[in-house]
Amino acid sequence: MRLVYDPSHYRDNTGLKETIDTVARLGYEWVELSPRKDFIWFYEYPKVDRQLIKSLKKYCADAGVRISSVLPVQQWSSPVEEERQAAVRNWKRCIEITAELGVDLMNSEFSGNKRKPQASEDAFVRSMEELMPLFEREGIKLNLQSHPHDFIERNIEAVRMIRALDKDWIKLVYSVPHAFYYDDGIGDVVKHIEEAGDLLAHVLIADTFNHKAGFGLRYIINPPDADVTIHQHLNPGEGEVDFDALYRKLREIKFDGIVTNAVFAYPDRPEWSNELTLKSIREGLHL
């Protein structure tokens, strides 16, 4: 099992070298390169050149940290063809960067527009038809997650789409803080893991509240019909996810993939947050 840190707490005001050094100091051998302005940012063309790639490899070597995966988020499922084409162009560059880093895994979200699910699915399949040959040529695997407000939000639908792609190198990311979107407010983490079966390759650890609870008033949004989607990435135990059941199920199936600390809520107290979350993961998975 790879225990990984997503350094999103440090993405806005910490340089790349300092971020890698911090990951090592926090107790991790592996880092996930999630979006950051000085590397690969959401929906943008990567701001990376050969020198930055060379420097990042040195930062990692010096700190004793390895890159588990590169995480771009692009609108590759946009029903707007111009946006989709731009996203595919950006993805191609991200794949090149990942290969140059010597990393063999990327993970991402389905993206798209939940209000236009069929058009988004069509766009996603077109994008994958263009990108799959490049993934295969570079020997890079891909893990995908459904995300709140993507064209795929439910866990079972993500599983079905990945099976439809029918590539043994495309697997599922199970994001625990999305659990209540995965089944419309039930949050049955055990069922989600069973649905994933052999596709489960990556688990993101963070807590959240059930947005459907309290007669739909767990979150109060004004105006009430605003087109928004809310969830959190809290420390385990601060929300309503059943972590005892989650950890028990992962132990039962002898999960041996990637487990990532994906708490984003405390950039003002990142070390405190990591201490709590790392303790939860280690105790819960008997590491």
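The working numbering runs 600 ahead of the 1-based position in the sequence shown. Beta carbons: idealized from backbone N, C-alpha and C, even for Gly.
Exposed unless 16 or more other CB atoms sit within 10 angstroms - verdict on residue i
i	result
Leu846	buried
Val725	exposed
Asn613	exposed
Val841	buried
His886	exposed
Thr829	exposed
Gln718	exposed
Pro870	buried
Tyr645	exposed
Arg636	buried
Trp585	Here the chain has residues from 601 to 887 only, and residue 585 is not among them.
Pro824	exposed
Pro733	exposed
Whole-number beta carbon distance between residue j and residue i, since they are thought to touch under 8 Å
i	j	result
Glu795	Ile756	5 Å
His609	Pro867	5 Å
Gly785	Thr808	So it is not a contact: roughly 12 Å between Cβ atoms.
Ile620	Val665	5 Å
Residue interval of the alpha helix (DSSP H) (run including residue i)
i	result
Thr698	681 to 701
Arg618	Checking the sequence, you will find Glu at residue 618 rather than Arg. Segment 616 to 625, the alpha helix (DSSP H) holding Glu618.
Arg602	Looking at the DSSP string, Arg602 is not in any alpha helix (DSSP H); the run it does join, the beta strand (DSSP E), is 602 to 605.
Ala845	843 to 852
Ser655	650 to 663
First through last residue of the beta strand (DSSP E) which encompasses residue i
i	result
Arg666	666 to 670
Glu932	Residue 932 lies beyond the range of the chain shown here (601 to 887); nothing can be said about it.
Leu633	630 to 633
Per DSSP, the bridge partner or partners of residue i
i	result
Asp807	Leu834
Thr877	Its beta-bridge partners do not exist; DSSP assigns none.
Val859	Leu603, Val803
- Which runs of the alpha helix (DSSP H), 4 residues or longer, sit entirely within the region 732 to 788? 755 to 765, 779 to 782
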